[in-house]
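Our numbering applies: residue 6 is where the sequence shown begins, and numbers increase by one. Here is the structure we will look at, set down as structure tokens.
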Amino acid sequence: MKKSKHVIALLLSLVMALSLAGCGGGGNSSESGGGGDSGDGKVSITVFNSKSEIQEYLEDAAAVYGKENNVNIEVYFSNDTVSAHLATRYASSNPYTLNMVDPKDVYTLGAQYGYDMSDQDWVAETDYAISVDGKVVGFPSCIEARGILYNADAIKNTLGEDFDPSAIVTLDDFKAYLERLVAAGMELPTGILKPDWSLAAHYLQQVYEERDDVEGFVQDLYAGNVDLMQDAKFNALMDAFDVLMEYNRFKAGPISVEDDQVHQAMSEGLDAFQFGGCWEWNDIVDYDYTGNIGIMPVPQNLTDDYTGKIVGGGSKYFYIDNSENTTDEQRAAAEGFLNWIVFSDEGKQLISDTCALVSPFRNNDIPCANDIGAIVKQYADSGNMIPNYDYDPDDHYSVLGAEMQRYLAGQCTREQLADAIETYWSTTTPVAH
Numbered sequence: 006m007k008k009s010k011h012v013i014a015l016l017l018s019l020v021m022a023l024s025l026a027g028c029g030g031g032g033n034s035s036e037s038g039g040g041g042d043s044g045d046g047k048v049s050i051t052v053f054n055s056k057s058e059i060q061e062y063l064e065d066a067a068a069v070y071g072k073e074n075n076v077n078i079e080v081y082f083s084n085d086t087v088s089a090h091l092a093t094r095y096a097s098s099n100p101y102t103l104n105m106v107d108p109k110d111v112y113t114l115g116a117q118y119g120y121d122m123s124d125q126d127w128v129a130e131t132d133y134a135i136s137v138d139g140k141v142v143g144f145p146s147c148i149e150a151r152g153i154l155y156n157a158d159a160i161k162n163t164l165g166e167d168f169d170p171s172a173i174v175t176l177d178d179f180k181a182y183l184e185r186l187v188a189a190g191m192e193l194p195t196g197i198l199k200p201d202w203s204l205a206a207h208y209l210q211q212v213y214e215e216r217d218d219v220e221g222f223v224q225d226l227y228a229g230n231v232d233l234m235q236d237a238k239f240n241a242l243m244d245a246f247d248v249l250m251e252y253n254r255f256k257a258g259p260i261s262v263e264d265d266q267v268h269q270a271m272s273e274g275l276d277a278f279q280f281g282g283c284w285e286w287n288d289i290v291d292y293d294y295t296g297n298i299g300i301m302p303v304p305q306n307l308t309d310d311y312t313g314k315i316v317g318g319g320s321k322y323f324y325i326d327n328s329e330n331t332t333d334e335q336r337a338a339a340e341g342f343l344n345w346i347v348f349s350d351e352g353k354q355l356i357s358d359t360c361a362l363v364s365p366f367r368n369n370d371i372p373c374a375n376d377i378g379a380i381v382k383q384y385a386d387s388g389n390m391i392p393n394y395d396y397d398p399d400d401h402y403s404v405l406g407a408e409m410q411r412y413l414a415g416q417c418t419r420e421q422l423a424d425a426i427e428t429y430w431s432t433t434t435p436v437a438h
């Protein structure tokens, strides 16, 4: 059964002691103004959050932090496409002061509106900052990665032995393991999330990322020069997807199942494997969590330089607005908040423990409270993480996510899916970067 949200009292008590310049406040409406002088002598700034899992933490931390540092802050969340939402704000001359966006948005919105943070001390503490035209404009909030999630406790309870993810390398290994689980009583040992972002922005995305010349491959897609049915990587990953579908606990209604059902099954050990990423941690632990959920590479019957690796990198970047609608005082307050995240013990605690994110900063040695994230950190530190490709067109995951949903539902063949992917890329506008 579902548990209540995590207790934040520890965070609040820690932040109460803080006396650095920064930001605060809270909210979830997007109708407020962009900030400024609030009339009470405090600087007012707004923060756009596009990561729903941490909204409550940002709101509560900002409220206390702002009170202690003489700053008013409002934190907003929207389910809208990030670029479209922020474009609307700019069109109304009402931008947020600090914007959390996806990496690709840093290269578009950040290129035009991003404030130069090259002189900030935090830049030397990370390998994941984003620069545009020689200026550092993207502040990484965390590292995220994707692969096959596994419930080691559920596997041990079913098979009576400890699970060793390194023993599963090929797809044949994986299928044999699934058959063992079925024989031992776990009838359907996998789960699949249905959202378009999971299927296209995460799973299908690996088809582009797991190759030597990613940019060359994508340019060939734009040019219409790729035959996916003859592409070894596409077929290896789709073979793996077919196996996930074959053993899917929710195969009777794969595109009607709710995310909560998939997360609950993984959390409580009703199934053993699910494609996903470390960002799902807060959703998984909301249930009767068995413990020992980790992440491993997607097994494929294709041995290459990417075997044994997961895909990931910097995820969710902040940029500070540099338009005429934001004042220097507001930008200074936003810089103070970002520096607090990196250098204060309370900021490190916020990222690694309270929000349970994988910090992208070397000076943060607080263990990640996210079991999945802790393993992601090991992959990152050992050089076994394949970089994200961040330059898809804005409608990539919605258009091709719908095609992947059709495939998941058995409404099209692999050939038809491949044709839809090729048609999409050859008829869309290349993303400048």
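Backbone N, C-alpha and C fix where the C-beta goes; we use that ideal spot for every residue, glycine too.
Fully contained in the stretch 90-167 are the following alpha helix (DSSP H) runs of length 4 or more, in chain order: 108-118 and 157-164.
Distances from the alpha-carbon of V363 to those of Q410, C283, D326 and R419 put C283 closest. In the structure shown, I325 falls within a strand segment according to DSSP collapsed to helix, strand and coil.
By the neighbour-count definition (other C-beta atoms within 10 Å, threshold 16), S387 is an exposed residue.
Secondary structure at M390: strand, using DSSP grouped into helix, strand and coil. Between the stretch 372-384 and the stretch 399-419, the count of Cβ pairs shorter than 8 Å is below three; the stretches do not touch. Distance from the Cα of N287 is smallest, within the candidate group K238, P365, C373 and I325, for C373. Nearest neighbour of G341 by Cα position, chosen from V267, Q383, I325 and E329, turns out to be I325. Around the beta carbon of H438, fewer than 16 other beta carbons lie within 10 angstroms, which makes this residue exposed. The residue from A414, V223, T131 and F255 with its alpha-carbon nearest to that of G318 is T131. Rounded to the nearest angstrom, the Cβ distance from G281 to L198 is 6 Å, consistent with a contact under 8 Å. Between the alpha carbons of F179 and V248 lies a distance of about 9 Å. Judged by DSSP in its simplified three-state form, N368 adopts coil rather than helix or strand. Between the C-alpha atoms of E184 and A237 there is a straight-line separation of about 25 Å. Per DSSP, the continuous beta strand (DSSP E) segment holding F278 begins and ends at F278 to G282.
Under the three-state reduction of DSSP output, I173 falls in the coil class, being neither helix nor strand. The C-alpha of P200 is placed about 22 Å away from the C-alpha of E420.
For N287, the enclosing alpha helix (DSSP H) covers residues W286 to I289. Residue pairing by DSSP places T195 opposite N253 and F278 in a beta bridge. The alpha-carbon of I78 is positioned some 16 Å away from that of D333. Between the beta-carbon of G196 and that of F255 there is about 7 Å, and that keeps the pair under the 8 Å contact cut.
Taking V347 as reference, the option from Y155, P365 and A337 with the minimal CA-CA separation is P365. Within its own chain, the residues whose Cβ lies closer than 7 Å to the Cβ of R411, once the five positions on either side in sequence are excluded, are C417, listed in chain order. Straight across, the Cα-Cα distance linking Q224 with P302 is about 26 Å. Here G190 carries a coil assignment [DSSP, helix/strand/coil]. In the structure shown, E215 falls within a coil segment according to DSSP collapsed to helix, strand and coil.
In terms of Cβ geometry, I356 and N344 do not form a close pair [threshold 8 Å]. For G299, the secondary structure class from DSSP, reduced to helix, strand or coil, is strand. Under the three-state reduction of DSSP, V52 is assigned to strand. Counting along the chain, I346 sits inside no beta strand (DSSP E); it lies in the alpha helix (DSSP H) bounded by residues D333 to F348.
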